[in-house]
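Asker:
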Amino acid sequence: MELDPIPIGSCSKDHQSIYQHWFNHADSDADGRITGNDATRFFAMSNLSRQDLKQVWAIADSKRQGYLGLQEFIIAMQLVSLGQSGQPITHDLLSSDVDLKNLKPPIMEGLDVLLAKKKHKQKEMDVNVISDTAGSSQLQPSLSSSWFSSKSTKKVPLSSVTSIIDGLKRLYIQKLRPLEVTYRFNDFVSPLLTNSDFDAKPMVMLLGQYSTGKTTFIKHLLKCSYPGAHIGPEPTTDRFVVVMSGPDERSIPGNTVAVQADMPFSGLTTFGTAFLSKFECSQMPHPLLEHITFVDSPGVLSGEKQRTQRAYDFTGVTSWFAAKCDLILLLFDPHKLDISDEFNRVISSLRGHDDKIRVVLNKADQVDTQQLMRVYGALMWSLGKVLNTPEVIRVYIGSFNDKPVNDAVSGPIGKELFEKEQEDLLSDLKDIPKAACDRRINEFVKRARAVKIHAYIISHLKKEMPAMIGKGKAQQKLIDNLAGEFGKVQREFHLPPGDFPNVEHFRESLRGYNIDKFEKLKPKMIRVVDDMLAYDIPNLLKNFKNPYD
Numbered sequence: 071m072e073l074d075p076i077p078i079g080s081c082s083k084d085h086q087s088i089y090q091h092w093f094n095h096a097d098s099d100a101d102g103r104i105t106g107n108d109a110t111r112f113f114a115m116s117n118l119s120r121q122d123l124k125q126v127w128a129i130a131d132s133k134r135q136g137y138l139g140l141q142e143f144i145i146a147m148q149l150v151s152l153g154q155s156g157q158p159i160t161h162d163l164l165s166s167d168v169d170l171k172n173l174k175p176p177i178m179e180g181l182d183v184l185l186a187k188k189k190h191k192q193k194e195m196d197v198n199v200i201s202d203t204a205g206s207s208q209l210q211p212s213l214s215s216s217w218f219s220s221k222s223t224k225k226v227p228l229s230s231v232t233s234i235i236d237g238l239k240r241l242y243i244q245k246l247r248p249l250e251v252t253y254r255f256n257d258f259v260s261p262l263l264t265n266s267d268f269d270a271k272p273m274v275m276l277l278g279q280y281s282t283g284k285t286t287f288i289k290h291l292l293k294c295s296y297p298g299a300h301i302g303p304e305p306t307t308d309r310f311v312v313v314m315s316g317p318d319e320r321s322i323p324g325n326t327v328a329v330q331a332d333m334p335f336s337g338l339t340t341f342g343t344a345f346l347s348k349f350e351c352s353q354m355p356h357p358l359l360e361h362i363t364f365v366d367s368p369g370v371l372s373g374e375k376q377r378t379q380r381a382y383d384f385t386g387v388t389s390w391f392a393a394k395c396d397l398i399l400l401l402f403d404p405h406k407l408d409i410s411d412e413f414n415r416v417i418s419s420l421r422g423h424d425d426k427i428r429v430v431l432n433k434a435d436q437v438d439t440q441q442l443m444r445v446y447g448a449l450m451w452s453l454g455k456v457l458n459t460p461e462v463i464r465v466y467i468g469s470f471n472d473k474p475v476n477d478a479v480s481g482p483i484g485k486e487l488f489e490k491e492q493e494d495l496l497s498d499l500k501d502i503p504k505a506a507c508d509r510r511i512n513e514f515v516k517r518a519r520a521v522k523i524h525a526y527i528i529s530h531l532k533k534e535m536p537a538m539i540g541k542g543k544a545q546q547k548l549i550d551n552l553a554g555e556f557g558k559v560q561r562e563f564h565l566p567p568g569d570f571p572n573v574e575h576f577r578e579s580l581r582g583y584n585i586d587k588f589e590k591l592k593p594k595m596i597r598v599v600d601d602m603l604a605y606d607i608p609n610l611l612k613n614f615k616n617p618y619d
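The letter at position 436 of the sequence shown is residue 506 when you use this note's numbering, and the numbering goes up by one with no holes.
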């Protein structure tokens, strides 16, 4: 089973040097990114049609980041070269039998003249710099370096950002984060976002009861084991393991991972040392891990062991990871189809992330075709009671391990089915990096709406408190009748009832606070977030769309 990473513009060193020179010329603001205006000016020298150049940009910017880095620029130049030779520009062109290493750079009309002028101008500037060495010179800090400075109070206009993700960071810091802090969203729902939350690679989480093949599944995709992997018929994985790219093979303890600013796991500190001692990061150099991070989880136990022998909130942790992940795989074994009450609670904690869930019926070659049909029916029946969605969830059937399919049991029909199902699952996994930017936008908008509803709830509870006496009884009454208060907020502001938080979870969080100390509703802050959703985000997407649309 192959899962090749996205092609990144393989070419010879000589050609790479040429492309680097061209890239530096096209990148007018020297930020390492070529955006719309730079691209249209540079690509126009290829004399390809607008439709061809639109396709070139769409393929090169497959992750829809809104810009081209050097690797994406090389892909674009290779596509232009192929287009100039008369080949139709399609998504499959780079994965065909084209010899990319020996593919000549495209013909860019007038580029040599521009490069010569730029070189001459650079020489003149160097002479002037040398002549001014006696004068004092002081380096000015770059705009981007001051974005996240705590001393910087001046707002940075969105026109200065160079990608969609950068724009989301700006909008979060300037418009959404103040509302979160004011109404303590981080204490009730989700910790405040950091740089690493925006820049993190897409994540895939695997959940299931013990020995359903979660660790083996990751090992099979990587075609090798990872540091800290344990496989066996008994419950072997006793901790959450994040498998990600790194310079060398090593395991990093959870407490260390949680305090590293370049990793998006600082929010896990809320689950305490008991959890962090059962959490680790496994790093290794691997081409697949440069695009996707995997989260391996402990098998869900049955009975009281799940709650009493784990000293941390297991469902809370899975819910936290579910919010961060781009895809959630629920693995089942054909011999362990029963969904225990504990596993039911884990699946219920994924509420609000139904679009990310995929089901994998693993080890399917251990039963024959007739039994597999019955197993599939039983699984769908069990899932129907747990997943509260009217749609049928996608179930992948296969045997995801290093061993060949057991033909003696599954037969030729089963083998053909497993191969097609594996291809479909791999296609889903390959699409994750391409959709990562869209997912970030989706999660950002979802978070903004959740913050607004949270602000309405908190301010409503504050308004219901008496001014002088009887505050203790009034608070207890509000907490006991929280579902009714949610209904009042929903009717007053015309909000969808499905967007409200879980009543029981909110009630437990609320018990530790004095409602009278909460802030009143600040309509101006709400309007800022409304404007962000209605104008700023659409304008951001418009600025970084395909420049040939």
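Where a beta carbon is used, it is the ideal one built from N, C-alpha and C, also for glycine.
Buried or exposed for Leu184, going by 16 or more other Cβ atoms inside 10 Å?
Answerer: Position 114 of the sequence shown holds residue 184. Per the 10 Å Cβ criterion, exposed.
Asker: State the start and end residues of the unbroken alpha helix (DSSP H) segment that holds Phe349.
Answerer: Counted from its first residue, the sequence shown places residue 349 at position 279. Careful: Phe349 lies outside any alpha helix (DSSP H), inside the beta strand (DSSP E) at 349–354.
Asker: Apply the 10 Å Cβ neighbour rule to Pro617 and answer buried if 16 or more other Cβ atoms are within range, or exposed otherwise.
Answerer: Counting from one through the sequence shown, the residue named residue 617 turns up at place 547. Answer is buried; the Cβ neighbour count reaches 16.
Asker: Just to confirm, is the Cβ distance from Gln353 to Arg309 under 7 angstroms?
Answerer: Here residue 353 refers to the residue found at position 283 when the sequence shown is read from its first residue. Here residue 309 refers to the residue found at position 239 when the sequence shown is read from its first residue. Result no, Cβ atoms of Gln353 and Arg309 do not sit closer than 7 angstroms.
Asker: Starting from Ile511, trace the alpha helix (DSSP H) both ways and give me its first and last residue.
Answerer: As a working note, residue 511 is residue 441 in the sequence shown. From DSSP, the alpha helix (DSSP H) with Ile511 extends over 506–534.
Asker: If you reduce the DSSP assignment to three classes, tell me which class Leu407 lands in.
Answerer: Taking the sequence shown and counting its residues from 1, the one referred to as residue 407 is at position 337. Looking at Leu407 - three-state DSSP - the assignment turns out to be coil, as it is neither helix nor strand.
Asker: Tell me, to the nearest whole angstrom, how far the beta carbon of His530 is from that of Lys547; I am working on the premise that it is less than 8 angstroms.
Answerer: The residue given as residue 530 occupies position 460 in the sequence shown. The residue given as residue 547 occupies position 477 in the sequence shown. Their Cβ separation, rounded to whole angstroms, is 14 angstroms, which puts His530 and Lys547 out of contact at 8 angstroms.
Asker: Taking Arg444 as part of the beta strand (DSSP E), name the residues at either end of that continuous run.
Answerer: Sequence index remark: in the sequence shown, residue 444 carries index 374 (1-based). Element bounds for Arg444: not the beta strand (DSSP E) but the alpha helix (DSSP H), 439–456.
Asker: Pick out whichever of Glu489, Gly468, Thr459 has its Cα sitting closest to the Cα of Leu401.
Answerer: Taking the sequence shown and counting its residues from 1, the one referred to as residue 401 is at position 331. Among Glu489, Gly468, Thr459, the Cα nearest to that of Leu401 belongs to Gly468.
Asker: Beta-carbon within less than 6 angstroms of Thr339's beta-carbon, same chain only, minus the 5 sequence neighbours each way: which residues are those?
Answerer: Locating residue 339 in the sequence shown gives position 269, counting from the first residue. Excluding residues within five positions, the ones whose Cβ falls inside 6 angstroms are Ala328.
Asker: Any idea what DSSP makes of Arg320, helix, strand or coil?
Answerer: Residue numbering aside, residue 320 sits at position 250 when the sequence shown is read from its first letter. DSSP places Arg320 in strand when its eight states are reduced to three.
Asker: To which residues does DSSP link Arg428 through a beta bridge?
Answerer: If you number the sequence shown from 1, residue 428 lands on position 358. In DSSP, Arg428 forms a bridge with Leu399.
Asker: If we call anything under 7 angstroms between Cβ atoms a contact, is Phe268 one with Lys239?
Answerer: Here residue 268 refers to the residue found at position 198 of the sequence shown. Here residue 239 refers to the residue found at position 169 of the sequence shown. Their beta carbons are under 7 angstroms apart, which means Phe268 touches Lys239 by this criterion.
Asker: Give the DSSP bridge partners of Gly278, in chain order.
Answerer: Position 208 of the sequence shown holds residue 278. According to DSSP, Gly278 bridges with Leu401.
Asker: Among Lys473, Tyr605, Lys522, His564, whose alpha-carbon lies nearest the alpha-carbon of Pro593?
Answerer: In the sequence shown, residue 593 corresponds to position 523, counting from 1. Per the Cα distances, Lys522.
Asker: Considering Cα atoms alone, identify which of Lys490, Gly106, Gly582, Glu589 is closest to Lys533.
Answerer: The residue labelled residue 533 in the question sits at position 463 within the sequence shown. The shortest Cα separation from Lys533 among Lys490, Gly106, Gly582, Glu589 belongs to Glu589.
Asker: If we call anything under 7 angstroms between Cβ atoms a contact, is Asp108 one with Ala100?
Answerer: By one-based count along the sequence shown, residue 108 stands at place 38. By one-based count along the sequence shown, residue 100 stands at place 30. Contact: no.
Asker: Return the CA-CA distance between Val313 and Leu291, expressed in angstroms with no decimal places.
Answerer: Indexing the sequence shown from 1 puts residue 313 at position 243. Indexing the sequence shown from 1 puts residue 291 at position 221. Approximately 12 angstroms, taken between the alpha carbons.
Asker: Can you name, in chain order, every residue of its own chain whose Cβ lies under 7 angstroms from the Cβ of Leu249, other than the five neighbours on each side?
Answerer: Residue numbering aside, residue 249 sits at position 179 when the sequence shown is read from its first letter. If we look at Leu249 and ignore the five residues flanking it on each side, its Cβ neighbours are Val521, Ala525, Met595, Val599.
Asker: In this structure, how does DSSP classify Leu495 when only helix, strand and coil are distinguished?
Answerer: Taking the first residue of the sequence shown as position 1, residue 495 is located at position 425. Here Leu495 sits in helix by DSSP.
Asker: Verify the CB distance criterion: does Met147 have a CB-CB separation below 7 angstroms to chain C?
Answerer: No chain C is part of this structure, which consists of one protein chain only.
Asker: Starting from the C-beta of Phe113, find all residues in its chain whose C-beta is less than 6 angstroms away, skip the five residues before and the five after it, and write them out in chain order.
Answerer: The sequence position of residue 113 within the sequence shown is 43, counting from 1. Answer for Phe113: Leu123, listed in chain order.
Asker: Terminal residues of the continuous beta strand (DSSP E) containing Lys588?
Answerer: Reading the sequence shown from its first residue, position 518 is the one you call residue 588. First, the amino acid is wrong: residue 588 is Phe here, not Lys. That residue, Phe588, is in no beta strand (DSSP E); it is neither H nor E in DSSP.
Asker: Could you give the distance in angstroms between the alpha-carbon of Gly316 and the alpha-carbon of Gly298?
Answerer: Position 246 of the sequence shown, counted from the start, is the residue given in the question as residue 316. Position 228 of the sequence shown, counted from the start, is the residue given in the question as residue 298. Roughly 15 angstroms between the two C-alpha positions.
Asker: Taking Ile177 as the reference, give the member of Ala381, Met147, Pro460 with the closest Cα.
Answerer: One-based indexing of the sequence shown puts residue 177 at position 107. Of Ala381, Met147, Pro460, the residue nearest in Cα terms is Met147.
Asker: Using CA coordinates, which residue listed in Lys394, Ser336, Phe514 is at the minimum distance from Ile362?
Answerer: The residue given as residue 362 occupies position 292 in the sequence shown. Comparing Cα-Cα distances from Ile362 to each of Lys394, Ser336, Phe514, the minimum goes to Lys394.
Asker: Assess, as a yes-or-no matter, whether the segment 430–442 is touched by the segment 453–461 under the definition of 3 or more beta carbon pairs within less than 8 angstroms.
Answerer: No, the segment 453–461 is not in contact with the segment 430–442.
Asker: Determine whether the beta carbon atoms of Leu170 and Leu163 lie at a separation below 7 angstroms.
Answerer: Along the sequence shown, one-based indexing puts residue 170 at 100. Along the sequence shown, one-based indexing puts residue 163 at 93. Result no, Cβ atoms of Leu170 and Leu163 do not sit closer than 7 angstroms.
Asker: Kindly list the residues whose CB is nearer than 7 angstroms to the CB of Leu262, restricted to its own chain and excluding five residues on each side of it in sequence; keep chain order.
Answerer: Within the sequence shown, numbered from 1, the residue matching residue 262 stands at position 192. If we look at Leu262 and ignore the five residues flanking it on each side, its Cβ neighbours are Arg247, Glu250, Asn256.
Asker: Does DSSP put Met538 in a helix, a strand or coil?
Answerer: Within the sequence shown, the letter at position 468 stands for residue 538. Of the three classes helix, strand and coil, the one that applies to Met538 here is coil, per DSSP.
Asker: Is the separation between the beta-carbon of Ala392 and that of Leu420 shorter than 7 angstroms?
Answerer: For the purposes of this step, residue 392 is taken as residue 322 along the sequence shown, with counting starting at 1. For the purposes of this step, residue 420 is taken as residue 350 along the sequence shown, with counting starting at 1. Yes, Cβ-Cβ distance for Ala392 and Leu420 is below 7 angstroms.
Asker: For Leu610, name the three-state secondary structure that DSSP assigns.
Answerer: Reading the sequence shown from its first residue, position 540 is the one you call residue 610. It is helical.
Asker: Report all residues from its chain with a CB closer than 7 angstroms to the CB of Asp472; omit the five preceding and five following residues, and keep chain order.
Answerer: As a working mapping, residue 472 is identified with position 402 in the sequence shown. Contacts found: His290.
Asker: When we look at the beta-carbon of Met275 and count the other beta-carbons within 10 Å, is it buried (16 or more) or exposed?
Answerer: The residue labelled residue 275 in the question sits at position 205 within the sequence shown. Result: buried.
Asker: I need the straight-line Cα distance from His91 to Cys294, nearest angstrom please.
Answerer: For the purposes of this step, residue 91 is taken as the residue at position 21 of the sequence shown. For the purposes of this step, residue 294 is taken as the residue at position 224 of the sequence shown. So the alpha carbons of these two residues sit roughly 38 angstroms apart.
Asker: Consult DSSP for Asp366 and reduce its assignment to one of helix, strand or coil.
Answerer: Reading the sequence shown from its first residue, position 296 is the one you call residue 366. Strand.
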